[in-house]
């Protein structure tokens, strides 16, 4: 889970990421025998600063070119008190970095002919047939502030956050309260009920989540504005209905098992808690633990698999997901998606009905949006990926195959500029390699 403010802080890094496009093959092929700190000095210094200063308990980075094995750097321990070093297999709550995985599951269904980008959600979940829209954004949920939706909510809208669906971690008015009261809660964070934006108990099934979500008014007319939303959670239910397979089982069968992502879970097995990180919330200058491994909410069976925020993963696993995308849908001989499916999924899928100022802008720069992740434009063309609410980052450049994953664990993500600092540091090192 993340909020739009986090995304708008990212824009400054896009121009730096564009440095990768001109990076010569010779720079990419530097021998891994060269220590990580010498190949990636800016990144290494950034990571050292965050960990040694106590801003975070740990940090793990994975960097790789095309299908070559990644390089890892890991610093710190799984918590400030555990004494257990973080490494490539340490488990992290990746929150909204779940969204691109869900997006690719939807694209798999499209590839298999089960639906299209422009299939109305109501064709799959009838409760969405007569949606109402707030006239005043995030205003009262009253008859005088509601009007019928001008067009159906579609799969494309949900993939690109243009459906107009609300999000209880984004909305500030009566809609947020209604969503929390009705259990339209978008994920798990902590057993505490005192954190702003993370209150409420989720309904017990994805089917009920979708039906309850359909009862909520949209905050914008479908297809007119980018607005961060529960669209990817809803698409988890769409995958279930059209495939006839439970959403979590679908991901396991079509992605995690064939990709060897053995450390990616909606529920962390009790036996794996020893490599699970602690989660912290920054209050003032103090990091307060809000979810500890031994009693984590992620050790419990989730109410349902949250397609927008529910996964726990490792740097090694997420790198494999990005490597598959960067290699056109295949990794280590396992074909996950067709090349043309990946090309479509990582292209700009924003609808042509957007208002002139309704797109996804960050730091004064316009981005496209694909299947659950941002899409670079101009000098950042080829970029695809997304971020997580606890400071994580996962990006791949589809033009040259550079992929970058960062794992750490603090909230809120905008408390530090890390999700800017990380790609900027990687870009600086890439530019240095290019000479």
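Numbering (mature numbering (1 follows the signal peptide of the UniProt record, and there is no 0)), first residue to last: -29 to -1, 1 to 406. For each residue, glycine too, the CB sits at the ideal point set by N, CA and C.
Residue(s) in a DSSP beta bridge with residue i
| i | result |
| --- | --- |
| residue 150 | Per DSSP, none; premise fails for residue 150. |
| residue 333 | 336 |
| residue 292 | According to DSSP, which records beta bridges pairwise, residue 292 is partnered with nothing at all. |
| residue 64 | 283 |
| residue 387 | DSSP lists no partner for residue 387. |
| residue 262 | 250 |
| residue 365 | 357 and 376 |
| residue 345 | 340 and 356 |
| residue 125 | 91 |
| residue 306 | 301 |
| residue 191 | Paired residue(s): none; residue 191 is not in a bridge. |
| residue 232 | Answer is none; residue 232 lacks a bridge partner. |
| residue 113 | Its beta-bridge partners do not exist; DSSP assigns none. |
Nearest-angstrom Cα separation, counted from residue j out to residue i
| i | j | result |
| --- | --- | --- |
| residue 159 | residue 306 | 32 Å |
| residue 192 | residue 58 | 45 Å |
| residue 22 | residue 375 | 19 Å |
| residue 297 | residue 217 | 27 Å |
| residue 347 | residue 387 | 23 Å |
| residue 309 | residue 295 | 11 Å |
| residue -22 | residue 171 | Since pLDDT at residue -22 reaches only 37, below the 50 mark, its modelled position is unreliable, and the value read off the structure follows with that caveat. Rounded to whole angstroms, residue -22 to residue 171 spans 27 Å at the Cα level. |
| residue 273 | residue 124 | 27 Å |
| residue 81 | residue 138 | 25 Å |
| residue 339 | residue 54 | 42 Å |
| residue -7 | residue 369 | Model confidence at residue -7 stands at a pLDDT of 48, short of 50, so the residue's coordinates are unreliable; what they give is reported in the following sentence. Near 13 Å, if we compare the C-alpha coordinates of residue 369 and residue -7. |
| residue 255 | residue 214 | 46 Å |
| residue 91 | residue 131 | 14 Å |
| residue -3 | residue 11 | Low local confidence applies: a pLDDT of 48 at residue -3 is under 50, so the model's placement there is unreliable, with the coordinate-based value given in what follows. Looking at the two C-alpha atoms, the distance is approximately 12 Å. |
| residue 202 | residue 27 | 31 Å |
| residue 8 | residue 45 | 11 Å |
| residue 300 | residue 385 | 32 Å |
| residue 415 | residue 47 | Nothing about residue 415 can be read from this structure; the chain reaches only from -29 to 406. |
| residue 397 | residue 43 | 13 Å |
| residue 403 | residue 302 | 29 Å |
| residue 228 | residue 234 | 10 Å |
| residue 30 | residue 287 | 13 Å |
| residue 97 | residue 200 | 20 Å |
| residue 337 | residue 395 | 18 Å |
| residue 24 | residue 258 | 12 Å |
| residue 408 | residue 318 | The structure shown does not extend to residue 408, since the chain spans only -29 to 406, so no value can be given for it. |
| residue 93 | residue 17 | 47 Å |
| residue -1 | residue 371 | Here residue -1 scores only 48 on pLDDT, less than 50, and its place in the model should not be relied on; the value that follows carries that caveat. So the alpha carbons of these two residues sit roughly 12 Å apart. |
| residue 367 | residue 251 | 27 Å |
Residue j beta carbon less than 8 Å from that of residue i
| i | j | result |
| --- | --- | --- |
| residue 362 | residue 344 | no |
| residue 99 | residue 197 | no |
| residue 67 | residue 249 | no |
| residue 146 | residue 188 | yes |
| residue 210 | residue 239 | no |
| residue 63 | residue 378 | yes |
| residue 176 | residue 269 | no |
| residue 190 | residue 173 | no |
| residue 232 | residue 292 | yes |
| residue 60 | residue 280 | no |
| residue 324 | residue 194 | yes |
| residue 219 | residue 35 | no |
| residue 222 | residue 205 | no |
| residue 342 | residue 71 | yes |
| residue 135 | residue 104 | yes |
| residue 65 | residue 359 | yes |
| residue 69 | residue 321 | no |
| residue 126 | residue 83 | no |
Residue interval of the beta strand (DSSP E) (run including residue i)
| i | result |
| --- | --- |
| residue 250 | 250 to 254 |
| residue 47 | 42 to 47 |
| residue 31 | 29 to 36 |
| residue 340 | 336 to 340 |
| residue 271 | No beta strand (DSSP E) contains residue 271, which DSSP labels as neither H nor E. |
| residue 375 | 373 to 378 |
| residue 103 | 103 to 105 |
Start and end residues, alpha helix (DSSP H) containing residue i
| i | result |
| --- | --- |
| residue 180 | 177 to 186 |
| residue 356 | Run containing residue 356: none in the alpha helix (DSSP H); it sits in the beta strand (DSSP E), 354 to 358. |
| residue 195 | Neither: residue 195 is in no alpha helix (DSSP H) and is coded neither H nor E. |
| residue 442 | Since the first residue shown for the chain is -29 and the last is 406, residue 442 is missing from the structure and cannot be characterised. |
| residue 315 | 310 to 316 |
| residue 71 | 69 to 82 |
| residue 443 | For the chain, the structure presents residues -29 to 406; residue 443 sits outside this window and is missing. |
| residue 53 | Note, residue 53: premise wrong, no alpha helix (DSSP H); not H, not E. |
| residue 220 | 218 to 222 |
| residue 204 | 202 to 214 |
The ligand NAP heavy atom lying under 7 Å from the CB of residue i
| i | result |
| --- | --- |
| residue 242 | Because no ligand of any kind appears in the structure shown, any question about the ligand NAP cannot be addressed here. |
### Message
Could you check whether the segment 33 to 43 touches the segment 235 to 249, counting it as contact only if at least three pairs of C-beta atoms, one from each stretch, sit closer than 8 Å?
### Response
no
### Message
Using 8 Å as the cut-off, can you tell me whether the segment 171 to 181 makes contact with the segment 299 to 314, which would need three or more C-beta pairs spanning the two stretches below that distance?
### Response
no
### Query
How about the segment 95 to 109 and the segment 250 to 263: do they share at least three Cβ pairs that are nearer than 8 Å?
no
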